[in-house]
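Residue numbers (full-length UniProt numbering), protein chains in the order written: chain A, 1 to 354; chain B, 1 to 565.
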């Protein structure tokens, strides 16, 4: 009797304690359940929208914005494809030009055109004839070099993809792999664009023979192995973005210690689109328009490390000064990517794991 | 007393109880119904949803296409790597863990509790951070770079051992702690050397716990994901990384389904083998709490290897701590001060401190969920069975709850999305989804902790209680609860730690406004920005410290445990 009374007292106390101190999530309002007055955005985990802008959207459109963000662009696309009969939201942002064809082929997005601001149309997805996807931002995956390192070693940094296979740069290049990183995939596509569907395999053999090092993700390559990263890496050539040099300006210095090789770039474009079968079409369309509005476009560099697609948007001063965009970058037809991704990745894995 | 007389005793006793032949299966069903339902909705349903997409790829049932996948040479390579790497890592973890379990649970020395709690820290650290820490240590420019281990299978094995040795220490330690020292002392008095005592007395008594720990560790190793990719430099693929690639990148659900089936079959086989190896003639043991003693000369080897283990575990963590205390190459607390902000360039929606609160609250939920389900399961599977069929059902239930350990988090995550979308199961955006998923991951550990203890209770004690007029509930409260109380606390601590560190399923389900700490760390480390990397390291140190504190508190509550896996 004694122990059972003690037990119930303990149980009651514990329950009380948990509820009062808020140590549990039970009973918490589910803040992101969709209602008639909300619009649900499905996106990847790199999505960041400053709070003020979120508020602005909610005030102007009259809808609450509910964000469901997880995974990378690939996971996002596959989620949308798998749930296309019963979409998990109203609008999606973050499908990029390497995955867009898969989403379009599966019928994930509904057509929506509006009077796009000048410049955006230049980034339209080839083959998207019904205008289901609206370009929002762009950025380039480029090889970056540590200029300080090369200056210290009295060596000229590489310039082109071919240079990377030059024995002068042996064991100096680190890059994330194509199978596990979208950045790595972009580089694979750059080499496919540069050397052709039958030539890239030879290039990669030479690249690997020259001591290129593969990592699982971008952070691994940049933060651990790159000489200018967070750790104390020893490789002065890394695969990163055209915007990266803006983040390596030493305090008080006038130049960045790194630069992007503009002849090695692959352009990534991210799109927004209204989901087929969306519950709140009006809200979804308002959100797509909002993403191309001047305020959001201006906030993109600081919040998501990408460039705006709309003309005439002012860049942050660091970006304007240090982040140089290539005038011409490599591209692969999105339909080709969709058709060959599997085969290319398999060949790539065979070459690189040899 | 021989087994025969014990058995007849038991039947005589139990015939006096009021259980009729029909109410027993009903009671069994009644106890099991809640956990089975939860497992059905949150595990079986989502996983079968994904498998169905693989088998019915073009609308028609096509098992041939799935089986064809298993014939690919690449799949053979992947399976072989998974099997050997997990086996070797498990063996090493057991070999390193045994002496430490002895030192930390049988001996008494200053700082023992802190070491015990500290060794559990790797278990909760996010793989992505540990991966980076390991690579800074082993990388070409790192202090251990001369070993040339970066990107080799040895690095992967070291990572797997680092993460899992805590399981061996805890599981075996709990059993060792309550082992009656007298048979060993008797053997020694009869002239057996310490090695002989260990081999002939101690080891056989510990076998069930060792097998349990090894099987859990094997499952953890075989489904490891981040370690294989990060430390293997992409040269190695395991079944788990392959499923991830096939599902999230290639959307090749047929191949993913084939590998998932393979995983499930492998888990079932493993459980059967482990069940065989674990079985001892008489699970009922007299639990004696041996007072921990001061180290003697014979304990030198155990203490030395514990020290070695501590160094192995501490080295990567030390790189984390040192890294977290540096800003722009100088010593600074800046990274820690930044934890209350949203990171450089607003990389985060919520400050790390908020994420820590979310993590703790989620862990509280996951803990009570896994404990209550685990208790129900444990009670169900440990009641004495009357018939062979009944025993089979109970064994099956026991194994069923181990399955979540062997299934890829991606499969589960995508499965949630496609199956839990219709009322009454429209749970895709429920705030409880994260703690439920974590509770499922922790459940096997809870069950494995409690089952052996409950099985060790002599059924006659319950019958005695019943014959004295106690109802079934009263009998449980007076007989079972006092024994199971302390292992329950230990299991709770484990569940809490699992929840704090869980990343795979959580990253899939976490809500944008309420991310957990590992999700935030992952996000920080993946984004450029001068402070983000340092903040990720600082946040990991905070996660590790939180875990240590929680473990120390649980140790205080725990008093000596009588639990065993």
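Glycine included, C-beta positions come from ideal geometry on N, C-alpha and C.
With DSSP run on the structure shown, which of helix, strand or coil describes residue i?
i: residue 383 of chain B; result: coil
i: residue 554 of chain B; result: helix
i: residue 317 of chain A; result: helix
i: residue 294 of chain A; result: helix
i: residue 345 of chain A; result: helix
i: residue 119 of chain A; result: coil
i: residue 450 of chain B; result: helix
i: residue 85 of chain B; result: helix
i: residue 244 of chain B; result: helix
i: residue 140 of chain B; result: coil
i: residue 366 of chain A; result: Here chain A covers residues 1 to 354 and nothing more, so residue 366 of chain A does not appear.
i: residue 31 of chain A; result: Note that residue 31 of chain A scores a pLDDT of 44, beneath 50, so its modelled location is shaky and nothing firm can be said.
i: residue 462 of chain B; result: helix
i: residue 356 of chain A; result: This structure cannot settle anything about residue 356 of chain A, because the visible part of chain A is limited to 1 through 354.
i: residue 142 of chain A; result: strand
i: residue 275 of chain A; result: strand
i: residue 323 of chain A; result: coil
i: residue 44 of chain A; result: coil
i: residue 204 of chain A; result: helix
What does a CB cutoff of less than 6 Å around residue i pick up in its chain, not counting 5 residues either side in sequence?
i: residue 300 of chain A; result: 137, 306 and 308
i: residue 195 of chain A; result: 203
i: residue 409 of chain B; result: 504 and 505
i: residue 238 of chain A; result: 144, 174, 221, 222 and 226
Cβ closer than 8 Å: which chain A residues qualify as neighbours of residue i?
i: residue 418 of chain B; result: 82 and 83
i: residue 248 of chain B; result: 71, 72, 74, 75 and 78
i: residue 525 of chain B; result: 219 and 223
If we call anything under 7 Å between Cβ atoms a contact, is residue i one with residue j?
i: residue 168 of chain B; j: residue 94 of chain B; result: yes
i: residue 105 of chain B; j: residue 185 of chain B; result: no
i: residue 415 of chain B; j: residue 50 of chain B; result: yes
i: residue 96 of chain B; j: residue 156 of chain B; result: no
i: residue 182 of chain A; j: residue 263 of chain A; result: no
i: residue 259 of chain B; j: residue 243 of chain B; result: yes
i: residue 123 of chain B; j: residue 174 of chain B; result: no
i: residue 453 of chain B; j: residue 487 of chain B; result: yes
i: residue 119 of chain A; j: residue 310 of chain A; result: yes
i: residue 43 of chain B; j: residue 404 of chain B; result: yes
i: residue 211 of chain A; j: residue 224 of chain A; result: no
Measuring alpha carbon to alpha carbon, tell me which of the options ends up nearest residue i.
i: residue 538 of chain B; options: B:126, B:63, B:58 and B:60; result: B:126
i: residue 497 of chain B; options: B:462, B:223, B:543 and B:455; result: B:543
i: residue 348 of chain B; options: B:407, B:65, B:532 and B:62; result: B:532
i: residue 125 of chain A; options: A:95, A:57, A:114 and A:118; result: A:95
i: residue 303 of chain A; options: B:307, B:306, B:221 and B:342; result: B:342
i: residue 355 of chain A; options: A:274, A:325 and A:318; result: For chain A, the structure presents residues 1 to 354; residue 355 of chain A sits outside this window and is missing.
i: residue 132 of chain B; options: A:219, A:292, A:267 and A:66; result: A:219
i: residue 256 of chain B; options: B:88, B:437 and B:78; result: B:78
i: residue 33 of chain B; options: B:164, B:380 and B:235; result: B:380
i: residue 80 of chain B; options: B:191, B:114, B:239 and B:203; result: B:239
i: residue 64 of chain A; options: A:268, A:47, A:133 and A:38; result: A:38
i: residue 240 of chain A; options: A:168, A:178 and A:335; result: A:178
i: residue 247 of chain A; options: A:190, A:149, A:217 and A:229; result: A:229
Below 8 Å CB to CB, which residues in the same chain sit around residue i once its five sequence neighbours on both sides are set aside?
i: residue 129 of chain B; result: 320, 521, 525, 536, 537 and 540
i: residue 145 of chain B; result: 138 and 139
i: residue 30 of chain A; result: Reliability fails at residue 30 of chain A, whose pLDDT of 47 lies under 50, so the model's placement of it is uncertain and the value that follows must be treated cautiously. Contacts found: none.
Can you give me the Cβ contacts of residue i inside the same chain, cut-off strictly under 7 Å, excluding the 5 residues immediately before and after it?
i: residue 147 of chain A; result: 157, 257, 258 and 259
i: residue 114 of chain A; result: 289
i: residue 128 of chain A; result: 104
i: residue 41 of chain B; result: 425
i: residue 507 of chain B; result: 519 and 522
Regarding residue i and the ligand NAP, is the C-beta to nearest heavy atom distance less than 6 Å?
i: residue 173 of chain A; result: Of ligands this structure carries none, so the ligand NAP is not represented either.
Name the chain B residues that come within less than 8 Å of residue i, Cβ to Cβ?
i: residue 283 of chain A; result: Per Cβ cutoff of 8 Å: no residues; residue 283 of chain A is ~16 Å from chain B at best.
What in chain A is Cβ-close to residue i, meaning under 7 Å?
i: residue 141 of chain B; result: 232, 233 and 234
Give the residues of chain A in contact with residue i, contact being defined as C-beta atoms less than 9 Å apart.
i: residue 469 of chain B; result: Simply none; closest approach about 12 Å.
i: residue 507 of chain B; result: 45, 70 and 71
Residues of chain B with a CB under 9 Å from the CB of residue i: which are they?
i: residue 102 of chain A; result: 251
i: residue 180 of chain A; result: 229, 234, 241, 244, 245 and 249
Could you name the residues of chain B that residue i contacts, counting a contact when the two beta carbons are closer than 7 Å?
i: residue 105 of chain A; result: Residues of chain B passing the Cβ test: none, with the nearest at roughly 11 Å.
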